[in-house]
Amino acid sequence: MNNEENNDGYDFDLEHEAMAGEIVEVSGYEGFWRVDCVNIELSKYATEQFTDIYYDVYNIHTNEYLIAGDEDVTLVADAASADDFVANMAAPERKSIDPGEPKIVPLADLFEQFRKTKEAENMAKENRKLTPREQSAKVAAEKKAARKKKAEMVDRALDGRLALTDAIEVFPEDKAKYERKIAKYDAFLAKVSDGE
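Here it is as structure tokens:
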């Protein structure tokens, strides 16, 4: 069945500039582009109809990809001669960048520069005024560290006291010496517990 027999009202113009595989120029872009795909979008509304044609193209030298409208492309080489066109086409010359004379910097100078940069960063961090939230977090962290240090000291004192108690059982002749050391541990533990 064709449209004429059914007379369904579709009348689309499907002529377009290029086909897949052909080489085109795209207005607004430099270089030559190969058509990868032709996209045809047919739209029919109650009172009007549209035909939109656009192309997926890529640059033959850079592989840059873009989508171009039918009105933006100009045919340069058809599919049969596209490969010969590309083979005979020289890649565009790129401007070379002259880096100038190489600058040799002693390694010690690089380390010194790095050290100075780190010092400056650290000084900036130290001299910066803390926000109330940062100040609160800092105080909380300091209190937590102090509690942890105190707990470690108490644990070591208790371990030392226990070891001396065990030593008295093993070496009863040195009981007086060990009791003096136990008294020091007890005094330390009493002092620490008063601070809580």
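Each residue of the sequence shown is one higher than the one before, starting from 201 at the first, in this note's numbering.
Every residue, glycine too, gets a C-beta built ideally from N, C-alpha and C.
- Beta-bridge analysis with DSSP links Ala277 to Ile223.
- For Ile253, the number of other beta carbons within 10 angstroms of its own is at least 16, and it is reported as buried.
- DSSP places Asp236 outside any alpha helix (DSSP H); the residue lies instead in the beta strand (DSSP E), whose first and last residues are Trp233 to Lys244.
- Judged by beta-carbon spacing, Asp270 lies within the 9 angstroms limit of Glu217, meaning their Cβ atoms are closer than that value.
- Around the CB of Tyr265, fewer than 16 other CB atoms lie within 10 Å, so the residue is classed as exposed.
- For Ala268, the pairing in a beta bridge is given by DSSP as Tyr255.
- Straight-line measurement puts the Cα of Asn263 at about 15 angstroms from the Cα of Glu222.
- Apart from the 5 residues on each side of it in sequence, Ser243 sits with its Cβ closer than 6 angstroms to the Cβ of Phe250 in its chain, given in chain order.
- Annotation for Arg333: the continuous alpha helix (DSSP H) segment containing it runs Pro332 to Val370.
- Here Val257 is buried. Its C-beta has 16 or more other C-beta atoms within 10 Å.
- The residue among Arg380, Glu342, Lys384 and Tyr378 with its C-alpha nearest the C-alpha of Ala357 is Lys384.
- Lys318: member of the alpha helix (DSSP H) spanning Leu307 to Asn327, first to last residue.
- The stretch 359-373 makes no contact with the stretch 332-351: fewer than 3 CB pairs, one atom from each, lie closer than 8 angstroms.
- Looking at the DSSP output, Phe250 bridges to Ser243.
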